[in-house]
Amino acid sequence: MVEELNNPEYKELDEETLFIVSQTFKALADPTRIRILHLLFEGEFSVNDISETLQLRQSNVSHQLRFLKNLRLVKYRRDGKSIYYSQDDEHVMHILQQTINHALHY
Numbered sequence: 001m002v003e004e005l006n007n008p009e010y011k012e013l014d015e016e017t018l019f020i021v022s023q024t025f026k027a028l029a030d031p032t033r034i035r036i037l038h039l040l041f042e043g044e045f046s047v048n049d050i051s052e053t054l055q056l057r058q059s060n061v062s063h064q065l066r067f068l069k070n071l072r073l074v075k076y077r078r079d080g081k082s083i084y085y086s087q088d089d090e091h092v093m094h095i096l097q098q099t100i101n102h103a104l105h106y
């Protein structure tokens, strides 16, 4: 038996929205991607800078950045042969920062 909703304007989420939300949480469920996004709070970094700062293999950083770029969580710009990445979604970065703050309160 289904109870009536209190909010008559409730609208079920469509499949595309559900997919994007679940992929965003998937992105935030990976420690390496969290480390990369956390670094990007500080500004713009090249793949090499990210790799060196986080002590990760460049191929792993590139793979994770591709995943994040596909979700529009990071953006990039090219400067000669270098590609620089920065955050691209204030909403998700806010969620990440709030979650980090929550974790630090323990």
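57 is the number that full-length UniProt numbering gives to position 57 of the sequence shown; each next residue is one higher, with no gaps.
Think of the CB as a built atom: it goes at the ideal place given N, C-alpha and C, for glycine as much as any other residue.
Whether residue i touches residue j by CB criterion (7 Å)
i           : j     : result
LEU71       : ALA29 : no
LYS75       : SER86 : yes
residue 108 : GLU44 : Since the first residue shown for the chain is 1 and the last is 106, residue 108 is missing from the structure and cannot be characterised.
LEU37       : LEU96 : yes
THR99       : GLN64 : no
Counterpart residues of residue i in DSSP-defined beta bridges
i     : result
VAL92 : Looking at the DSSP assignment, VAL92 forms no beta bridge with any residue, so it has no partner.
GLN87 : VAL74
ASP30 : Note: ASP30 sits in no beta bridge, so no partner.
ASP14 : ASP14 is not bridged to any residue.
Span of the alpha helix (DSSP H), counted from its first residue to its last, around residue i
i     : result
ASP49 : 47-54
Residue i, enclosing beta strand (DSSP E) - first and last residue
i     : result
ARG72 : No beta strand (DSSP E) holds ARG72; DSSP gives it neither H nor E.
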